[in-house]
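What follows is a set of notes on a single structure, which appears directly below.
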Amino acid sequence: MTRKDVVITGIGLVSSLGEGPDAHWEVLSKPGAAPVLDEAAFAPYAVHPLPALNLDAQIPKKGDQRQMEPWQRLGTYAAGLAIDQAGARGLVSDMHLIVAAGGGERDIAVDEAVATALCTTPPAEAGPILNERLGTDLRPTLFLAQLSNLLAGNISIVHGVTGSSRTFMGEEQAAADAVRIAAARLAEGRGGIALVGGAYVSQRWDLVLLYGAGGAVWRGPFAPVSARTGAGGFVGGALGAFLVLETAEHAAARGAKPLARLA
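In case it helps, UniProt numbering puts the sequence shown at residues 1 to 263.
Written out as structure tokens, the structure reads:
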């Protein structure tokens, strides 16, 4: 079977460095560019904060914005950027969707209430109380297997992407698999265009405390890895990244300029 060439025609990228590939390239190619940091919001832990986004530009309905968690808004926004750069708004009905998600939002108020209750509960009674609170207070949207489906659903609703949908749950490998499988499907002739990507937001107290308790988060004023001595740790951030992939012939037929070719 002859495999088709697959190219990238759209990139949607949002991080602490800005919005879009051009903004990122400008910062990353500048000698001595400093990272964007917020060392106050989650002190003593620093984070790389997201820039202010004009959500209305990609998620026009306020109701849609309100019902999404921050990571879902970020992913939906980045997906729209990729579609726009590819000039593919008129192709969304035939566009396949492959989404990866690493984790959802926590309900901090519920976490605090459960922790407070357990602190004053005898160990023998803690298990039943915890199960009861999880059954009554935990939002169904936090069911892990559904997180990537939530993002895919929001992208479909907001941007009208109604081709086939496939989702992956996990960390780095899930994102790599999403791109790999999207490219493989196109290369095998199972479609002409696909939208693939994911989003993650770590500016959340639950994650900061979870990783902080394990000593995995950098504590104190920021220092690059090369300048650290002794204890290490990562500095959390947020990222929304989506690609529009097409077969080379599909892109050529509509006059789209490839940005890169996948090997």
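By construction, the Cβ of each residue, glycine as well, lies at the ideal position given by its N, Cα and C atoms.
Please determine, among the options, the residue with the shortest C-alpha to C-alpha distance to residue i.
{"i": "Phe242", "options": "Val27, Ala223, Ala100, Lys62", "result": "Ala100"}
{"i": "Pro224", "options": "Ile98, Ala183, Pro35, Asp111", "result": "Pro35"}
{"i": "Gly237", "options": "Leu74, Gly230, Leu245", "result": "Leu74"}
{"i": "Leu81", "options": "Asn131, Asp94, Asp56, Gly63", "result": "Asp56"}
{"i": "Ala52", "options": "Tyr77, Gly170, Gly87, Leu28", "result": "Tyr77"}
{"i": "Val110", "options": "Arg254, Ile181, Trp205, Ala252", "result": "Trp205"}
{"i": "Gly87", "options": "Leu262, Ala256, Ala263", "result": "Ala256"}
{"i": "Val179", "options": "Ala263, Ala252, Asn131", "result": "Ala263"}
Kindly list the residues whose CB is nearer than 7 angstroms to the CB of residue i, restricted to its own chain and excluding five residues on each side of it in sequence; keep chain order.
{"i": "Arg219", "result": "Pro44, Tyr45, Gly233"}
{"i": "His250", "result": "Gly192, Ile193"}
{"i": "Gly212", "result": "Tyr45"}
{"i": "Pro49", "result": "Ser16, Val36, Asp38, Gln203"}
{"i": "Asn149", "result": "Thr167"}
Does DSSP classify residue i as helix, strand or coil?
{"i": "Val179", "result": "helix"}
{"i": "Val201", "result": "strand"}
{"i": "Val158", "result": "helix"}
{"i": "Thr141", "result": "Caution applies to Thr141, whose pLDDT of 48 falls short of 50 and renders its modelled position unreliable; the model cannot decide the point."}
{"i": "Gly255", "result": "coil"}
{"i": "Thr116", "result": "helix"}
{"i": "Val14", "result": "strand"}
{"i": "Ala184", "result": "helix"}
{"i": "Ser226", "result": "helix"}
{"i": "Val208", "result": "helix"}
{"i": "Ser165", "result": "strand"}
{"i": "Thr9", "result": "strand"}
{"i": "Val217", "result": "strand"}
{"i": "Met236", "result": "The residue you asked about is not Met; residue 236 is Gly in the sequence shown. Three-state result, Gly236: strand."}
{"i": "Leu130", "result": "helix"}
{"i": "Leu195", "result": "strand"}
{"i": "Ala152", "result": "helix"}
{"i": "Leu245", "result": "strand"}
{"i": "Ala174", "result": "helix"}
Output yes or no for whether 8 angstroms exceeds the beta carbon distance between residue i and residue j.
{"i": "Leu97", "j": "Ser15", "result": "no"}
{"i": "Ala184", "j": "Ile8", "result": "no"}
{"i": "Ile83", "j": "His24", "result": "no"}
{"i": "Val27", "j": "Asp38", "result": "no"}
{"i": "Phe42", "j": "Val244", "result": "no"}
{"i": "Gly197", "j": "Ala79", "result": "yes"}
{"i": "Ile11", "j": "Gln85", "result": "yes"}
{"i": "Ala126", "j": "Leu134", "result": "no"}
{"i": "Ser93", "j": "Thr167", "result": "no"}
{"i": "Thr229", "j": "Val6", "result": "no"}
{"i": "Gly20", "j": "Gly102", "result": "no"}
{"i": "Leu195", "j": "Met95", "result": "yes"}
Which residues in the same chain as residue i place their Cβ atom closer than 8 angstroms to its Cβ, once the five residues preceding and following it in sequence are excluded?
{"i": "Thr121", "result": "Ile129"}
{"i": "Gly215", "result": "Ala231, Gly233"}
{"i": "Val217", "result": "Tyr45, Val208, Tyr211, Gly233, Phe234, Val235, Gly236"}
{"i": "Phe222", "result": "Pro35, Leu37, Glu39, Ala46, Val235"}
Near residue i, which residues of its chain fall below 6 angstroms by C-beta distance, leaving aside the five closest residues on each side in sequence?
{"i": "Arg3", "result": "Ala187"}
{"i": "Ala199", "result": "Trp71, Leu74, Gly75, Gly240"}
{"i": "Gln58", "result": "Tyr77, Gly80"}
{"i": "Lys62", "result": "none"}
{"i": "Ala175", "result": "Ala100, Gly198"}
Would you check whether the ligand ADP has a heavy atom nearer than 7 angstroms to the C-beta of residue i?
{"i": "Ala33", "result": "In the structure shown, the ligand ADP is absent, as is every other ligand, since no ligand is present at all."}
- [ ] Would you mind listing the beta strand (DSSP E) stretches within the segment 27-102 that are 3+ residues and don't spill past its ends, in chain order?
- [x] 96-101
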